[in-house]
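Trainee: Position one of the sequence shown corresponds to residue 1 (UniProt numbering), numbered consecutively onward. Idealized CB from N, CA, C, for every residue including glycine. What you are looking at is a predicted structure, and each value in this text was computed from that prediction instead of being measured. The structure's right below; bear with me while I get my questions together.
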Amino acid sequence: MAEAQFRGTTAKQLTTTIGQHLDAMATENPEHTALIVPHQGIRWSYREFVSEVDRFAKGMLALGIQPGDRVGIWSPNRYEWVLTQFATAKIGALMVCINPAYRLYELEYALNKVGCKAIVAAESFKTSYYLKMLEELAPELSHCSPGQLKSKKLPHLEIVIRMGQATSAGMFNFGSVCDMGRDNESARLAELAVTLQPGDNINIQF
1 MAEAQFRGTT AKQLTTTIGQ HLDAMATENP EHTALIVPHQ GIRWSYREFV SEVDRFAKGM
61 LALGIQPGDR VGIWSPNRYE WVLTQFATAK IGALMVCINP AYRLYELEYA LNKVGCKAIV
121 AAESFKTSYY LKMLEELAPE LSHCSPGQLK SKKLPHLEIV IRMGQATSAG MFNFGSVCDM
181 GRDNESARLA ELAVTLQPGD NINIQF
(Lines of atoms letter the chains of each structure in order from A and count residues from 1; the text may use other names and numbers.)
(Lines give C-alpha, C1' and ligand atoms only; values in the text may rest on other atoms or scores of the structure.)
Protein backbone atom coordinates (compact mmCIF):
# COMPACT_ATOMS: atom_id res chain seq x y z
CA MET A 1 0.00 0.00 0.00
CA ALA A 2 1.39 3.38 -0.95
CA GLU A 3 2.22 5.62 1.96
CA ALA A 4 -0.18 8.52 2.30
CA GLN A 5 1.41 11.91 2.51
CA PHE A 6 -0.04 15.23 3.57
CA ARG A 7 1.33 18.49 2.34
CA GLY A 8 -0.08 21.71 3.68
CA THR A 9 -0.27 24.95 1.77
CA THR A 10 2.94 26.83 1.14
CA ALA A 11 1.13 30.16 1.39
CA LYS A 12 1.58 31.98 4.66
CA GLN A 13 -1.48 32.71 6.71
CA LEU A 14 -2.51 36.32 7.13
CA THR A 15 -1.28 37.88 10.34
CA THR A 16 -3.84 40.66 10.07
CA THR A 17 -7.61 40.72 10.38
CA ILE A 18 -9.85 40.84 7.32
CA GLY A 19 -10.55 44.50 8.09
CA GLN A 20 -6.88 45.38 8.42
CA HIS A 21 -6.05 43.56 5.20
CA LEU A 22 -8.83 45.34 3.33
CA ASP A 23 -7.65 48.72 4.61
CA ALA A 24 -4.09 47.91 3.53
CA MET A 25 -5.29 46.98 0.04
CA ALA A 26 -7.16 50.27 -0.21
CA THR A 27 -4.06 52.18 0.88
CA GLU A 28 -1.81 50.39 -1.60
CA ASN A 29 -4.24 50.29 -4.54
CA PRO A 30 -6.92 52.92 -3.92
CA GLU A 31 -8.08 53.21 -7.53
CA HIS A 32 -7.89 49.53 -8.46
CA THR A 33 -11.24 47.86 -8.99
CA ALA A 34 -12.51 46.07 -5.88
CA LEU A 35 -16.11 45.14 -6.68
CA ILE A 36 -18.24 44.83 -9.82
CA VAL A 37 -21.95 43.94 -9.65
CA PRO A 38 -23.28 44.48 -13.20
CA HIS A 39 -26.98 43.92 -12.48
CA GLN A 40 -26.88 46.66 -9.81
CA GLY A 41 -24.69 49.05 -11.78
CA ILE A 42 -21.89 48.84 -9.21
CA ARG A 43 -18.21 49.29 -10.04
CA TRP A 44 -16.21 50.43 -7.02
CA SER A 45 -12.52 51.04 -6.51
CA TYR A 46 -10.92 49.89 -3.26
CA ARG A 47 -11.18 53.46 -1.97
CA GLU A 48 -14.91 53.56 -2.68
CA PHE A 49 -15.49 50.02 -1.43
CA VAL A 50 -13.79 50.60 1.93
CA SER A 51 -15.75 53.82 2.36
CA GLU A 52 -19.04 51.95 1.84
CA VAL A 53 -17.96 49.09 4.12
CA ASP A 54 -17.10 51.55 6.88
CA ARG A 55 -20.41 53.38 6.49
CA PHE A 56 -22.36 50.18 7.01
CA ALA A 57 -20.07 49.04 9.83
CA LYS A 58 -20.63 52.32 11.70
CA GLY A 59 -24.35 52.08 11.05
CA MET A 60 -24.47 48.64 12.62
CA LEU A 61 -22.55 49.90 15.64
CA ALA A 62 -25.10 52.72 15.95
CA LEU A 63 -27.84 50.06 16.04
CA GLY A 64 -26.12 48.35 18.96
CA ILE A 65 -24.58 45.43 17.08
CA GLN A 66 -21.41 44.47 18.93
CA PRO A 67 -18.47 42.05 18.64
CA GLY A 68 -19.70 38.48 18.92
CA ASP A 69 -23.24 39.27 17.77
CA ARG A 70 -24.67 37.19 14.93
CA VAL A 71 -25.94 38.99 11.83
CA GLY A 72 -27.85 36.87 9.34
CA ILE A 73 -27.75 37.50 5.60
CA TRP A 74 -30.49 36.12 3.33
CA SER A 75 -29.91 37.18 -0.22
CA PRO A 76 -28.73 36.24 -3.71
CA ASN A 77 -25.59 37.88 -5.11
CA ARG A 78 -25.83 41.60 -4.42
CA TYR A 79 -23.40 44.33 -3.39
CA GLU A 80 -25.07 44.53 0.03
CA TRP A 81 -24.04 40.92 0.66
CA VAL A 82 -20.37 41.77 0.16
CA LEU A 83 -20.60 44.96 2.24
CA THR A 84 -22.24 43.02 5.05
CA GLN A 85 -19.48 40.40 5.13
CA PHE A 86 -16.67 42.93 5.37
CA ALA A 87 -18.57 45.30 7.67
CA THR A 88 -19.44 42.57 10.17
CA ALA A 89 -15.81 41.42 10.12
CA LYS A 90 -14.69 44.97 10.88
CA ILE A 91 -16.86 45.20 13.99
CA GLY A 92 -16.18 41.66 15.21
CA ALA A 93 -19.68 40.35 14.52
CA LEU A 94 -20.29 37.03 12.78
CA MET A 95 -22.15 37.01 9.49
CA VAL A 96 -24.52 34.05 9.30
CA CYS A 97 -25.10 32.98 5.69
CA ILE A 98 -28.67 31.72 5.31
CA ASN A 99 -29.14 29.40 2.34
CA PRO A 100 -31.09 31.38 -0.31
CA ALA A 101 -33.29 28.32 -0.94
CA TYR A 102 -34.42 27.96 2.68
CA ARG A 103 -38.10 27.93 3.49
CA LEU A 104 -39.86 29.05 6.66
CA TYR A 105 -39.01 26.22 9.02
CA GLU A 106 -35.37 26.17 7.88
CA LEU A 107 -35.04 29.92 8.34
CA GLU A 108 -36.56 29.69 11.82
CA TYR A 109 -34.15 26.90 12.75
CA ALA A 110 -31.04 28.71 11.49
CA LEU A 111 -31.84 32.05 13.14
CA ASN A 112 -32.61 30.42 16.46
CA LYS A 113 -29.76 27.89 16.36
CA VAL A 114 -27.08 30.58 16.39
CA GLY A 115 -29.10 33.34 18.04
CA CYS A 116 -29.11 35.97 15.29
CA LYS A 117 -29.59 39.46 16.72
CA ALA A 118 -30.04 40.98 13.26
CA ILE A 119 -30.72 39.91 9.71
CA VAL A 120 -30.05 41.65 6.41
CA ALA A 121 -32.44 40.42 3.73
CA ALA A 122 -33.22 40.98 0.07
CA GLU A 123 -36.86 41.40 -0.88
CA SER A 124 -37.00 38.25 -2.99
CA PHE A 125 -35.17 35.89 -5.32
CA LYS A 126 -36.90 33.76 -7.96
CA THR A 127 -39.88 32.19 -6.14
CA SER A 128 -38.59 32.98 -2.64
CA TYR A 129 -40.12 36.08 -1.07
CA TYR A 130 -37.76 36.67 1.82
CA LEU A 131 -39.40 39.66 3.45
CA LYS A 132 -42.85 38.07 3.30
CA MET A 133 -41.47 34.94 4.94
CA LEU A 134 -39.85 37.01 7.68
CA GLU A 135 -43.16 38.80 8.23
CA GLU A 136 -44.91 35.44 8.44
CA LEU A 137 -42.45 34.16 11.03
CA ALA A 138 -42.46 37.44 12.94
CA PRO A 139 -45.87 39.11 12.50
CA GLU A 140 -44.80 41.45 15.32
CA LEU A 141 -42.88 43.40 12.65
CA SER A 142 -46.15 44.97 11.51
CA HIS A 143 -46.52 46.97 14.71
CA CYS A 144 -43.02 47.40 16.13
CA SER A 145 -40.50 50.19 15.58
CA PRO A 146 -37.41 49.23 13.56
CA GLY A 147 -34.82 47.64 15.84
CA GLN A 148 -37.38 46.85 18.54
CA LEU A 149 -38.61 43.45 17.38
CA LYS A 150 -39.78 41.08 20.10
CA SER A 151 -40.82 37.92 18.32
CA LYS A 152 -42.35 34.82 19.88
CA LYS A 153 -40.88 32.50 17.25
CA LEU A 154 -37.56 34.35 16.83
CA PRO A 155 -36.70 35.45 20.38
CA HIS A 156 -33.12 36.52 19.64
CA LEU A 157 -33.94 38.64 16.58
CA GLU A 158 -34.22 42.38 17.25
CA ILE A 159 -33.14 44.06 14.03
CA VAL A 160 -34.29 43.48 10.44
CA ILE A 161 -32.53 45.39 7.65
CA ARG A 162 -34.06 45.18 4.18
CA MET A 163 -32.19 45.74 0.94
CA GLY A 164 -33.46 48.00 -1.83
CA GLN A 165 -34.94 51.48 -1.84
CA ALA A 166 -38.35 50.65 -0.40
CA THR A 167 -39.33 50.62 3.25
CA SER A 168 -41.20 47.98 5.26
CA ALA A 169 -42.92 48.08 8.64
CA GLY A 170 -40.60 47.23 11.52
CA MET A 171 -37.51 47.15 9.30
CA PHE A 172 -34.58 49.44 8.63
CA ASN A 173 -33.62 50.25 5.05
CA PHE A 174 -30.04 49.26 4.19
CA GLY A 175 -29.18 52.73 2.92
CA SER A 176 -30.56 54.43 6.01
CA VAL A 177 -28.35 52.26 8.24
CA CYS A 178 -25.33 53.37 6.21
CA ASP A 179 -26.19 56.97 7.15
CA MET A 180 -26.47 56.36 10.91
CA GLY A 181 -22.81 56.35 11.91
CA ARG A 182 -21.48 59.42 13.72
CA ASP A 183 -18.25 60.41 15.50
CA ASN A 184 -18.80 57.93 18.32
CA GLU A 185 -19.11 55.06 15.87
CA SER A 186 -16.06 56.25 13.93
CA ALA A 187 -14.02 56.17 17.14
CA ARG A 188 -15.37 52.73 18.05
CA LEU A 189 -14.56 51.36 14.58
CA ALA A 190 -10.99 52.66 14.88
CA GLU A 191 -10.69 51.03 18.30
CA LEU A 192 -11.93 47.68 16.99
CA ALA A 193 -9.45 47.85 14.11
CA VAL A 194 -6.60 47.33 16.58
CA THR A 195 -8.28 45.09 19.15
CA LEU A 196 -9.81 42.38 16.93
CA GLN A 197 -7.60 39.36 16.27
CA PRO A 198 -6.82 37.44 13.03
CA GLY A 199 -8.15 34.22 14.56
CA ASP A 200 -11.56 35.67 15.44
CA ASN A 201 -14.50 33.92 13.79
CA ILE A 202 -16.32 36.01 11.19
CA ASN A 203 -18.68 33.62 9.40
CA ILE A 204 -21.23 30.86 10.03
CA GLN A 205 -22.82 29.10 7.05
CA PHE A 206 -26.10 27.25 6.64
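Along the chain, where does the alpha helix (DSSP H) that runs through Met25 open and close?
Mentor: Counting along the chain, the alpha helix (DSSP H) containing Met25 begins and ends at Ile18 to Glu28.
Trainee: Under the three-state reduction of DSSP, which class applies to Met60: helix, strand or coil?
Mentor: The answer is helix: DSSP assigns Met60 an H, G or I state.
Trainee: What does DSSP give as the partner residue(s) for Met133 in the beta ladder?
Mentor: Met133 pairs with nothing; no bridge assigned.
Trainee: Could you name the residues that DSSP lists as bridge partners for Val53?
Mentor: DSSP output for Val53 lists no bridge partner at all.
Trainee: For the region 147 to 160 against the region 114 to 122, are there 3 or more C-beta pairs whose distance is under 8 Å?
Mentor: Contact between the region 147 to 160 and the region 114 to 122 is present, because at least three Cβ pairs lie under 8 Å.
Trainee: Would you tell me roughly how many angstroms separate the C-alpha atoms of Leu154 and Met25, rounded to the nearest one?
Mentor: One C-alpha to the other measures close to 39 Å.
Trainee: With a threshold of 16 other CB atoms inside 10 Å of the CB of Pro146, please say whether the residue is buried or exposed.
Mentor: Result: buried.
Trainee: What does the alpha-carbon distance come out to for the pair Met180 and Ala187?
Mentor: The straight-line gap from Cα to Cα measures roughly 14 Å.
Trainee: Cα-Cα, which of Thr88, Gln85 and His156 is closest to Leu111?
Mentor: Measuring from the Cα of Leu111, the nearest candidate turns out to be His156.
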